[in-house]
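Asks: After the C-alpha cells below, expect a handful of questions from me.
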Amino acid sequence: MSSIPVRIVSLGKAVPKTVITNDDLTKILDTSDEWITTRTGIKQRHISSGDENSLTIGIQAARDALNKADLKGEDIDLIIAATSNPYNIYPSTGCAISEAIETKTGTVAFDITAACTGMIYAMEIARSMISSGKYNRALLVATDTVSKFVNWEDRSSCVLFGDGASAMVIEKSQDGIDDIIAIDINADGKQGKHITMHLNGTNCPLVEPATPANERVLMNGREVYKFVVTTMPDSVNNCIENCGLKPEDIDYLIPHQANLRIIDALQQRLNYTDEKVITNIDKYGNTSAASVGIALSEAIEQGKVKTPSTAILCAFGAGMTWGSVIVRLREGIY
Ligand code: ACO
Numbered sequence: 446m447s448s449i450p451v452r453i454v455s456l457g458k459a460v461p462k463t464v465i466t467n468d469d470l471t472k473i474l475d476t477s478d479e480w481i482t483t484r485t486g487i488k489q490r491h492i493s494s495g496d497e498n499s500l501t502i503g504i505q506a507a508r509d510a511l512n513k514a515d516l517k518g519e520d521i522d523l524i525i526a527a528t529s530n531p532y533n534i535y536p537s538t539g540c541a542i543s544e545a546i547e548t549k550t551g552t553v554a555f556d557i558t559a560a561c562t563g564m565i566y567a568m569e570i571a572r573s574m575i576s577s578g579k580y581n582r583a584l585l586v587a588t589d590t591v592s593k594f595v596n597w598e599d600r601s602s603c604v605l606f607g608d609g610a611s612a613m614v615i616e617k618s619q620d621g622i623d624d625i626i627a628i629d630i631n632a633d634g635k636q637g638k639h640i641t642m643h644l645n646g647t648n649c650p651l652v653e654p655a656t657p658a659n660e661r662v663l664m665n666g667r668e669v670y671k672f673v674v675t676t677m678p679d680s681v682n683n684c685i686e687n688c689g690l691k692p693e694d695i696d697y698l699i700p701h702q703a704n705l706r707i708i709d710a711l712q713q714r715l716n717y718t719d720e721k722v723i724t725n726i727d728k729y730g731n732t733s734a735a736s737v738g739i740a741l742s743e744a745i746e747q748g749k750v751k752t753p754s755t756a757i758l759c760a761f762g763a764g765m766t767w768g769s770v771i772v773r774l775r776e777g778i779y
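According to the working numbering, the sequence shown is numbered sequentially starting from 446.
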C-alpha cells in the first residue's frame, strides 16, 4: 500500500510499579470487585506514584524497544509520542524522550493526541513519513497516566483506567515487504462530548478573578459504549476487506483493553476463538494510548502470540477517535 514499505522492528512497554486492586478501591469508593469485574473484566491496574509520570514510563518503554533491537537514540530520526496526559505541554513528550535517549540534534520529535487510538494514529503518521522517503527509522511511544486526571470520587470512570506506556520501532523495509498491511483511522468530533478533559487554564487576573482550572476526565460511559460497539467492528471489517482479506486470514486480534464486554462482542462478530483474541485488561485496566502496544508486546513475550504471524490491532478513544491496523509480525520480533 505504501510507496516505500515499512518494517516493524521491535516493541517495548512499561508500567508504574504500584498495583491497585478492585478491593483497594473499595476503601475510597462505593464499589465492589464483583461490580468492576462483571461490568469491565478489570481486576487491578498500575498507578503512578512518586516521580512516575507519562514521560518517565514513556522513556522506559522507548528504551525497552530500542534495547530489544540493539539500537541507540542516534539510530532514530523520527519520534512520535502519542499522549493525552503529557507531563509537560512543552517541551513535548517526544522532545523530552529524544533528550533522554540521546538522539542526534535535528531528530524530528513531536506529540499527537488521539486518546486511546494514539498508537494507531502514530503508526499511520510514521508510515506516511517513512514512505515519503525522508525518514528512515521512527520510534513511536504511546504513554498515558490517566490516574492523574480522573476524578477519584467518580466511581463510574476512575475504576476503568490504569497507567502505562508502549513503544514501537518501525523503519524502511529493506526486503520490499510491508509490515503494515492495512490501516484505517477515523475521528468524529460530534461525538467528542462523551469523553472530555478540559485544559482551560485561567484568564488574566486583570480581566477576571482567578477561576479554578478544570483538568478532570468526564465520561458518559453508556454513550461511549453504544458508539463503540458499532464503530469498532465496522473499522475492523473495513480494514480487513479493503486489503482483500477475510477475518480468518488474520491470526490474532489485539483490541484496545477498555471493556471485556466490548472485546467479547467484537470477538463474536469476527467469529474468533479465545486463543486468537488477546486480553490483559484484568491486570492493567484501560491504559489509554498504551493499551494495544502493551497487549501486543506482552502477548509475544508470553508466547500467546506466535511469530511469524499477522494481527489486527484496533482501538477507540476520546475525540471520538477509532482505528484498526493489520500488521505482519516477523519471526523473532518482541
Ligand atoms: N461500582 C459500583 N456501581 C457502579 C460503579 C462502580 N464502580 N460505576 C457505576 N455504578 C452504578 C451506576 O451508578 C448505576 O447505578 P444506578 O443504576 O443505581 O444508577 C449502575 O452501576 C449502572 O451504571 P451504568 O453506567 O449503566 O453501567 P454500565 O453497565 O453501562 O457500565 C461502564 C459502565 C463500565 C463505564 C460501561 O458503560 C463502559 O465500559 N463504557 C465504555 C467506557 C470506555 O470504554 N471508555 C473509554 C474511554 S477511553 C479514553 O479515550 C479516555
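Glycine included, C-beta positions come from ideal geometry on N, C-alpha and C.
1. Taking only the alpha-carbon atoms, compute the straight-line gap between M446 and I626 and give it to the nearest angstrom.
2. From the DSSP output, in three-state form, read off P450 for me.
3. Closer than 8 Å is the cut-off here; do at least three beta carbon pairs connect the stretch 542 to 561 with the stretch 651 to 665?
4. Can you tell me which residues form a DSSP beta bridge with T755?
5. Of all the options T675, A735, L758 and I745, which has the alpha carbon lying nearest to the alpha carbon of F606?
6. Going by C-alpha distance, which of C649, V652, G457 and D599 is nearest R512?
7. Considering only the beta carbon of each residue, do N659 and G486 sit closer than 8 Å?
8. I need the straight-line Cα distance from D478 to R490, nearest angstrom please.
9. I want to check one thing, is the minimum distance from the CB of R667 to the heavy atoms of the ligand ACO below 7 Å?
10. Relative to the alpha-carbon of E743, which residue among T755, P753, Y729 and S733 has its alpha-carbon at the smallest distance?
11. Please classify I707: is it buried, with 16 or more other beta-carbons within 10 angstroms of its beta-carbon, or exposed?
12. Determine, using beta carbons only, whether A510 and M613 come nearer to each other than 8 Å.
13. Only counting the same chain, and skipping five residues up and downstream in sequence, which positions put a Cβ closer than 6 Å to that of A763?
14. Tell me the DSSP secondary structure of D475 in three-state form.
15. Evaluate G777 with the Cβ neighbour count: other Cβ atoms within 10 Å of its Cβ, from every protein chain shown; 16 or more gives buried, anything less gives exposed.
16. Beta-carbon within less than 8 Å of E547's beta-carbon, same chain only, minus the 5 sequence neighbours each way: which residues are those?
17. Quick one: give me the first and last residue of the beta strand (DSSP E) that D727 is part of.
18. Helix, strand or coil for V750? Go by DSSP, reduced to three states.
19. How would you write the range of the alpha helix (DSSP H) that A506 sits in, first residue to last?
20. In whole angstroms, give me the CA-to-CA distance for I739 and P650.
21. Once the 5 residues before and after I726 are set aside, which same chain residues still bring their CB inside 8 Å of it?
22. Alpha carbon to alpha carbon, how far is T528 from G621?
23. Measure the alpha-carbon distance for D389 versus T501 and round it to whole angstroms.
24. Use the C-beta contact count for L585: other C-beta atoms within 10 angstroms, 16 or more gives buried, fewer gives exposed.
25. Starting from N631, follow its DSSP beta bridges and name the residues at the other end.
26. For the ligand ACO, any of its heavy atoms closer than 7 Å to the Cβ of V674?
27. Identify which residue in R773, T724, T752 and Q636 has its Cα closest to the Cα of T766.
Replies: This is what the structure gives:
1. Residue confidence is low: M446 scores 47 on pLDDT, short of 50, so the model does not pin down where it sits. Its coordinate-derived value is still stated next. Distance from the CA of M446 to the CA of I626, rounded to the nearest whole angstrom, comes to 7 Å.
2. DSSP places P450 in coil when its eight states are reduced to three.
3. Verdict: no, contact absent.
4. Answer is R773.
5. Closest by alpha carbon: A735.
6. Before going on, a small fix: residue 512 reads as Asn here, not Arg. Measuring from the Cα of N512, the nearest candidate turns out to be G457.
7. Not a contact, by the Cβ cut-off of 8 Å.
8. Counting only the Cα atoms, R490 lies some 13 Å from D478.
9. Flag set: Cβ of R667 near the ligand ACO.
10. Nearest C-alpha to E743: Y729.
11. Looking at its Cβ environment, which holds 16 or more other Cβ atoms inside 10 Å, I707 is buried.
12. Annotated as proximal: A510 and M613, with beta-carbon spacing under 8 Å.
13. Close CB contacts of A763 within its chain, under the 6 Å cut and outside five residues either way in sequence, are with A560 and I640 (chain order).
14. DSSP places D475 in the coil class of the three-state scheme, outside both helix and strand.
15. Note on G777: under 16 other CB atoms within 10 angstroms of its CB, so exposed under the neighbour-count rule.
16. For E547, the CB contacts under 8 Å within the same chain, skipping 5 residues up- and downstream, are K517, G518 and E519 in chain order.
17. Counted as a single uninterrupted DSSP element, the stretch harbouring D727 is not any beta strand (DSSP E) but the alpha helix (DSSP H) occupying residues I726 to Y729.
18. Correct three-state label for V750: coil.
19. Per DSSP, A506 belongs to the alpha helix (DSSP H) from S499 to K513.
20. Each residue's alpha carbon lies about 44 Å from the other.
21. Excluding five sequence positions before and after I726, the CB atoms of its chain that fall closer than 8 Å to its own CB belong to T485, G486, I487, Q702, A703, N704, L705 and I708, given in chain order.
22. Rounded to whole angstroms, T528 to G621 spans 31 Å at the Cα level.
23. The first residue shown for the chain is 446 and the last is 779, placing residue 389 beyond what the model contains.
24. Flag for L585 reads buried.
25. Beta-bridge partners assigned by DSSP to N631: W767.
26. Incorrect: V674 has no Cβ contact closer than 7 Å to the ligand ACO.
27. Considering only alpha carbons, the answer is Q636.
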